[in-house]
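So for the sequence shown, my numbering puts the first residue at -11; every next one is plus one. Yeah, the Cβ is synthetic: ideal placement off N, Cα and C, and Gly gets one too. This one's a predicted model, so the numbers in the text were calculated from it and none came from an experiment. Note sheet for the following structure.
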Amino acid sequence: MTAKDVYRGEQGEGGRASPEEPRGGGTKPHYGVGSVKNNKYAYLILGSMTAEIIDGKQISQQIMEELVPRVKELSESGIVPGLATVLVGDDPASKFYVKSKKRACEKLAINSFTHEKDAIITQNELISLVAELNADPRVHGILVQLPLPDHIDENSVIEAISPAKDVDGFTAINTGKLLAGRDCFAPATPLGILELLIRSGNRPEGKHAVIVGRSNIVGKPLAALLMQKNERGNATVTICHSRTLDIVKHTLSADILVAAIGRPNFITASMVKEGAVVIDVGINRVDDQEARRGYRLVGDVDFEAVSEKAGAITPVPGGVGPMTIAMLISNVVKAATILK
Ligand code: GUN
């Protein structure tokens, strides 16, 4: 076994379990080698791995702590930030995510208003609910959890959200502003990935970032953020997808490799350049009869093998997942500040 760096944000060790990712399964690190470098790094022993672990749990906590004085200041001026979440149907994963977002609001003393609707709700009823939330002064951010049932056109519902309360950054207005490099609400997962890279000392500037996955929620907005002409961006970006020819040729040239395809262990060690920074966005359930719930969570990256080759890697759970929630809350605070 070898000791390895674990990037745990600015505050060293500690912290509670991630609010949004089920426990059970995944890699079981043995914390305990107590050396702390520059107050930024702690060490752990984890099999024979060599990659630095980018600890999303810790970094997300740091971001939440940074939001505390901003929420306090708003509250003192009579504004309690409020997030309205809309959940349609009873998809267990969606329910879980919405609950996690609500819990994160509670932690920061932010108002959360949860609207749970049967899957048979009509599109017009859903759009009417969004219109009510647009008009509600207690609500600064609106999140309609996706996916929606097949009989509802997601785009119509998304476009009903006021861009000023679109804390998911999914409306055409915010999408366009993001691409144009203007101030806007950017989607939480790509924002979280950028924070993970920057706060772990892996700035994208000048690097070749390869994103595997072209979704509207992750791949496309992340590409826009990474290629932005500013000190947080300035990367050269490639997006790969299901029709990409010779995907390995691209992934092997990545200084930063982001896996967002939703296929368990898709990225193998032979697809990764030595020393690359690997960000795993996947949260996939795989059957595991030994796990408490009968399944465990794995990412899109073959963590054990890739961590022997990568320079830094995010775990699943405990990597990108917690960051998504923190950045959503950050967007709610931003919305409340602007709407003030
Ligand atoms: N479904 C999966 N990810 C997301 C997200 O970030 N926001 C919403 N609204 N739905 C999702």
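Taking DSSP as the reference, what is the three-state secondary structure of Lys261? Looking at Lys261 - three-state DSSP - the assignment turns out to be coil, as it is neither helix nor strand.
Could you give the first and the last residue of the continuous beta strand (DSSP E) run that contains Ser100? According to the DSSP assignment, Ser100 belongs to the beta strand (DSSP E) that extends over Asn99 to Lys105.
What are the start and end residues of each continuous beta strand (DSSP E) run of 3 or more residues lying completely inside the stretch 214 to 238, in chain order? DSSP runs (the beta strand (DSSP E)) wholly in the stretch 214 to 238: 224 to 228.
Under three-state DSSP, which class holds Asn272? Collapsing the DSSP output to three states places Asn272 in a strand.
Is it buried or exposed for Gly44, if we count other Cβ within 10 angstroms and need 16 for buried? Under a 10 Å Cβ-count criterion, Gly44 is classified as buried, with 16 or more other Cβ atoms of the shown protein chains found around its own Cβ.
In chain order, what residues of the same chain lie with their CB nearer than 8 Å to the CB of Ala81, ignoring the 5 residues before and after it? By the criterion of a C-beta distance shorter than 8 Å, Ala81 is surrounded by no residue of its chain, once the five residues flanking it on both sides are discounted.
Confirm the yes/no value for this check: CB of Ile205, any heavy atom of the ligand GUN, distance under 7 Å. At least one heavy atom of the ligand GUN is nearer than 7 Å to the Cβ of Ile205, so yes.
Tell me whether Pro178 counts as near the ligand GUN, meaning its Cβ is closer than 7 Å to at least one heavy atom of that ligand. Pro178: no, Cβ never under 7 Å from the ligand GUN.
Examine the ligand GUN and report whether any of its heavy atoms sits within less than 7 Å of the Cβ of Asp156. Under cutoff, so the answer is yes.
Which of the three DSSP states, helix, strand or coil, is assigned to Glu292? Judged by DSSP in its simplified three-state form, Glu292 adopts helix.
Is the CB-CB distance between Ile244 and Leu185 below 8 Å? A Cβ-Cβ contact shorter than 8 Å links Ile244 with Leu185.
Applying the 10 Å Cβ sphere with the 16-neighbour rule, what's the burial state of Thr177? Buried.
In the structure shown, what three-state DSSP assignment does Ile108 receive? Three-state DSSP puts Ile108 in coil, outside helix and strand.
Go through its chain and collect everything with a Cβ distance to Phe101's Cβ below 6 Å, but skip five positions before and after it. Hits under 6 Å: Ala72.
Taking only heavy atoms of the ligand GUN into account, decide whether any of them is closer than 7 Å to the Cβ of Val132. At least one heavy atom of the ligand GUN is nearer than 7 Å to the Cβ of Val132, so yes.
When burial is assigned at 16 or more other CB atoms within 10 Å of the CB, is Tyr19 buried or exposed? Below a pLDDT of 50, predicted positions are generally treated as unreliable, and Tyr19, at 28, falls in that range; the measurement from the model is reported next regardless. A residue is called buried once 16 or more other Cβ atoms fall within 10 Å of its Cβ, and Tyr19, having fewer, is exposed.
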